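K.L.:
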Amino acid sequence: MLKPIIMAGGSGTRLWPLSRGNYPKQFLPLAGKHSMLQQTLLRLNGVEHQPPLIICNEEHRFLAAEQIRQLEQGVMQILLEPVGRNTAPAIALAALQACQQQDDAILLVMAADHVFTDVEALHQAIATALPFAESGKMVTFGITPTQPETGYGYIQQGQALNGGGFTVARFVEKPGSALAQQYLDSGDYLWNSGIFLFKASRYLEELQKFRLDIYQACQDALSEQTPDMDFIRIKQHAFEQCPAESIDYAVMEKTDAAVVVPLDAGWNDVGGFAALWQISAKDEHGNVLSGDVIAHDTRNSLVRSDDKLVATVGVDDLVIITTKDAVLVAHKDKTQDVKQIVAELQLADRHEVSFHREVYRPWGKYDSVDSGARFQVKRITVKPGAKLSVQMHHHRAEHWIVVSGTAKVTINDTEQYLTENQSVYIPITAVHALENPGKVDLELIEVQSGSYLGEDDIVRFEDRYGRS
């Protein structure tokens, strides 16, 4: 039976300002009501498989856990990478973990941020690839190209094999436009999808053969596991010593067991806003409009507003993205260069590169509504049954005003309950906690005042989410 391995790392910098360091594209609902991670899990329905293993960064663990919970598909383990080391080590961790549970597990490795418009074709390709994987082959899926794309690597098909696969003649890097056209015209080349199917034991055998250093580092990192709810933590220092390498470079380009199975399923890696426009439903003028948008004499554009009215007049081929704290305007042909904006934000140490104005936490979320010298206003949402950490601040006092729901407030061991239109004051250095004992969301306004208002002025004494 298949063991899906869902790679949920990555930052999605070319989709800024929607995608941020602390809320990257795989957790965003870009192509429907579900996030890309959720869509990846849902498209496994119809394929017999074991519970998937999710691999994500430590800082995204609660996002992943909450989105998995929303699907109500049962418990899934989440393996946390303390640092990013590319795909070869991540898959090695998954393979080692799988071998501890089932020696002959067949891993279906998929990224959490891809789109497929024909799920049935994906399932058929997996069925075609399964006998090859069972016989010990290292299967990758090659996307049938539809244009001379320069943004993807390619796989040249070799000898046709019985059962629908091909040997791999070679992997090639992203080509220039002329070479990409030659690849398309030849009919022998496929886009490299980054999707794989192989036995866990076979991957580890090949990894030991070609990159023993990666294998040993991952084995060492996984030798000490720390369970934490549904999360699996590994030995941080050992994994930090692991070389960063892709599975293509580490194994697939070197092994003589590589097989490619063609896949024509409407695949898209949503690598930028032009790709997002391409996969989205359009109006009669070729526009993709989302949110509060009025478009007049506008064509072939992507306009998305999260919180305010956006009006366009007489524009063509534009991407306009507005969030609560940023606006992006770009020509659709230049959207790959959004990563340059992200680089400038990083150099300037701007918080917008990592955080939205609305920040998600394991207990809910907060929205930084306003701020100035010595004050900050937040709208806080606490999920039913959730509780913030027992904490204290050295430099700020807080006022809480309940908008809806019921709040259980503890201040220096004194408990009280607040409901709509009631408020409470928390002095500087008071040990306090906030909890939602009800069955609906708790909404409140928090007004902070003091000499320093940074998130690092939090001393946690107790925390059910392991942050104290």
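First residue of the sequence shown? That's 1 in full-length UniProt numbering, and the numbers climb one at a time after it. Where a beta carbon is used, it is the ideal one built from N, C-alpha and C, also for glycine. Quantities reported herein were computed from a predicted structural model and do not represent experimental measurements.
1. Determine the burial state of M110: buried for a count of at least 16 other Cβ atoms within 10 Å of its Cβ, exposed for fewer.
2. If L328 sits next to L197, beta carbons under 8 Å apart, how far is it from one beta carbon to the other, in whole angstroms?
3. My parser needs the beta strand (DSSP E) runs of 3 or more residues fully inside the region 360–430; what are they?
4. If V261 and A125 are in contact, beta carbons under 8 Å, what's the gap, nearest whole angstrom?
5. Quick check on the DSSP output: the beta strand (DSSP E) that includes F273 runs from which residue to which?
6. Distance check for L309 and I294, CA to CA, integer angstroms please.
7. Given a threshold of 16 other Cβ atoms within 10 Å of its Cβ, counted over all protein chains shown, does K423 qualify as buried or as exposed?
8. In angstroms, rounded to a whole number, what distance separates the CA positions of L444 and L28?
9. In the DSSP assignment, find the beta strand (DSSP E) that holds P262 and state where it starts and stops.
10. By DSSP, does E446 sit in helix, in strand, or in coil?
11. What does DSSP give as the partner residues of M138 in its beta bridges?
12. Quick one: give me the first and last residue of the beta strand (DSSP E) that T226 is part of.
13. Whole angstroms are fine: how far does the CA of P427 sit from the CA of W400?
14. State buried or exposed for Y417, treating a residue as buried only when at least 16 other CB atoms are found within 10 Å of its CB.
15. Please classify A295: does DSSP put it in a helix, a strand, or coil?
16. For M265, which residues in the same chain have their Cβ closer than 6 Å to its Cβ, ignoring the five residues on either side in sequence?
17. Would you verify that the beta carbon of L28 is, or is not, closer than 9 Å to some beta carbon of chain D?
18. Let me check one thing: in DSSP terms, what residues is N57 bridge-paired to?
19. Can you tell me the Cα-Cα spacing of V83 and P243, whole angstroms?
20. Do the region 453–464 and the region 388–399 make contact, defined as three or more Cβ pairs closer than 8 Å?
21. With burial defined as no fewer than 16 other Cβ atoms inside 10 Å of the residue's Cβ, what is the status of E435: buried or exposed?
22. What's the gap between the Cα of F62 and the Cα of D325?
23. Answer with buried or exposed for P51, where buried requires no fewer than 16 other C-beta atoms within 10 angstroms of its C-beta.
24. For R14, which of helix, strand or coil comes out of DSSP?
25. Quick check: what's the CA-CA separation for residue 476 versus E358?
26. Residues in its own chain within less than 8 Å of H351 by CB, not counting five upstream and five downstream?
27. In terms of residue numbering, what span does the alpha helix (DSSP H) encompassing P89 cover?
28. Here's a check: name, in chain order, each residue in its chain whose Cβ is nearer than 7 Å to the Cβ of D297, leaving out the five neighbours to either side.
29. Are at least three pairs of beta-carbons, each pair with one atom in the region 85–99 and one in the region 39–49, less than 8 Å apart?
30. If you run the structure through DSSP and keep just helix, strand and coil, what is L161?
31. Ignoring anything shorter than 4 residues or poking outside the region 282–362, list the alpha helix (DSSP H) runs there in chain order.
32. Cα separation between T414 and V402?
33. So the alpha helix (DSSP H) S193 belongs to, where does it begin and stop?
34. Assuming V353 and Q346 make a contact with CB atoms under 8 Å, what is their CB distance in whole Å?
35. Pick out whichever of P17, Q225, V369 has its Cα sitting closest to the Cα of V342.
36. Taking all protein chains shown into account, decide if S35 is buried (16 or more other Cβ within 10 angstroms of its Cβ) or exposed.
P.N.:
The relevant details are as follows:
1. It is buried - the Cβ of M110 has at least 16 other Cβ atoms within 10 Å.
2. Going by Cβ atoms, the distance from L328 to L197 rounds to 37 Å, so no, they are not a contact pair.
3. 364–372, 375–382, 390–392, 396–404, 407–411, 414–418, 423–426, all fully within the region 360–430.
4. The beta-carbon separation of V261 and A125, rounded to 6 Å, stays under the 8 Å limit for a contact.
5. That residue, F273, is in no beta strand (DSSP E); its alpha helix (DSSP H) goes 273–279.
6. Spanning the two alpha carbons is a distance of roughly 8 Å.
7. Lys is not the amino acid found at residue 423; the sequence shown has Ser there. Counting Cβ neighbours within 10 Å, S423 comes out exposed, since fewer than 16 surround it.
8. L444 and L28 have their C-alpha atoms some 25 Å from each other.
9. Element bounds for P262: 258–263.
10. In the structure shown, E446 sits in a strand (DSSP, three-state: E or B).
11. In DSSP, M138 forms a bridge with A258.
12. Where T226 is concerned, the enclosing beta strand (DSSP E) stretches over 226–228.
13. Rounded to whole angstroms, W400 to P427 spans 11 Å at the Cα level.
14. Exposed, since its Cβ has fewer than 16 Cβ neighbours within 10 Å.
15. Residue state, collapsed to three classes: strand.
16. In the sequence under discussion, the amino acid at residue 265 is Ala, which differs from the Met named in the question. Within the same chain, A265 has close Cβ partners F116, D118, A121, L122.
17. Of the chains in the structure shown, none is chain D; there is only one protein chain.
18. According to DSSP, residue pairing for N57 in a beta bridge involves E81.
19. Computed Cα separation, rounded: 11 Å.
20. The region 453–464, when compared against the region 388–399, does touch it at the 8 Å Cβ threshold.
21. It counts as buried.
22. In this structure, the CA atom of F62 is about 23 Å from the CA atom of D325.
23. By the 10 Å Cβ count, P51 comes out exposed.
24. Three-state result, R14: helix.
25. Nothing can be reported for residue 476, as the shown portion of the chain is limited to 1 through 468.
26. Nothing listed; no residue qualifies.
27. The continuous alpha helix (DSSP H) containing P89 extends over residues 87–101.
28. These residues qualify, in order along the chain: V313, G314.
29. Here the region 85–99 does not lie against the region 39–49, with fewer than 3 beta-carbon pairs under 8 Å apart.
30. Coil, per DSSP.
31. Within the region 282–362, the complete alpha helix (DSSP H) runs of at least 4 residues are 338–347.
32. Cα-Cα distance, rounded: 18 Å.
33. S193 -> not in any alpha helix (DSSP H); beta strand (DSSP E) instead, spanning 189–199.
34. The pair is a contact, with the Cβ atoms about 5 Å apart (cut-off 8 Å).
35. Of all alpha-carbon atoms in P17, Q225, V369, the one lying nearest the alpha-carbon of V342 is that of P17.
36. Buried, by the Cβ-count rule.
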